[in-house]
Every structure is written in C-alpha cells, then in structure tokens.
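Chemist: Have a look at this one.
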C-alpha cells in the first residue's frame with residue numbers, strides 16, 4: 002500500500018515544502034510531479050529521495066518529495 006503523507010493545512014509560500022511517500026513495497030517510480038489543481042497542468046517535477054525504513058515501524062519504507070522551490074501560491078496535487 003502506498004500513501005502520500007503531507008501537510009493538509011498548506012505550506013508557506015517561501016518555506017520548506019515536503020511530502021513523504023510511505024510504502025511496504027518498492028516504488029515503481031523515482032520521480033514526482035506537482036500539478037495545478039484547477040488547470041491540471043504540471044508546474045513542478047522532482048526526484049524522490051530515499052529515506053529508508055524507521056526502526057520497528059512495520060515493513061514501511063519512506064521517500065521524500067521536496068518541492069520547496071515551488072513559490073507560486075495556489076492549489077496543487079502531487080502525483081508519483
């Protein structure tokens with residue numbers, strides 16, 4: 002099962018913006034994209050960085066999607 006963990010309240014325009022991808026199986030992709038929620042157009046692409054497992058947290062592994070360089074206010078969604 003794959004989950005994307007993110008700040009559901011939002012991010013500061015010029016602050017750090019990161020989401021974690023959690024999965025108990027290897028990912029089939031190593032990249033992510035951010036899309037404008039209204040236009041469905043891609044606005045940012047990045048590479049997932051492996052964060053690995055957390056000791057004694059089941060069989061989950063984690064990857065980080067850092068989109069801090071995205072500075073334009075708006076509504077977006079992340080896809081892998």
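Residue numbers (the numbering used here): 2 to 81. We treat Cβ as the ideally placed atom computed from N, Cα and C, and that holds for glycine. No experiment lies behind these values; they were computed from the predicted model shown.
When DSSP labels each residue in this structure, what does residue 32 get in the three-state scheme?
Modeler: Strand.
Chemist: Judging by CA-CA distance, which residue of 5, 48, 66 and 79 is the nearest neighbour of residue 19?
Modeler: 66
Chemist: Can a CB atom of chain B be found closer than 7 Å to the CB of residue 12?
Modeler: Here there is only one protein chain, and chain B is not present.
Chemist: Given that a residue counts as buried once 16 or more other Cβ atoms are within 10 Å of its Cβ, and exposed if not, what is residue 78?
Modeler: By the neighbour-count criterion, in which a residue is buried when 16 or more other Cβ atoms sit within 10 angstroms of its Cβ, residue 78 is exposed.
Chemist: Checking 7 Å against the spacing of the C-beta atoms, do residue 62 and residue 54 come in under that value?
Modeler: The answer is yes: Cβ separation under 7 Å.
Chemist: Quick one: using the 10 Å Cβ neighbour count with 16 as the cut-off for buried, is residue 64 buried or exposed?
Modeler: Burial of residue 64 is indicated by the presence of at least 16 other C-beta atoms within 10 angstroms of its C-beta.
Chemist: Where does residue 76 sit, in a helix, a strand or coil, going by DSSP?
Modeler: coil
Chemist: Given residue 30, which residues of its chain have a CB within under 8 Å of its CB, disregarding the five upstream and five downstream residues?
Modeler: 49 and 81
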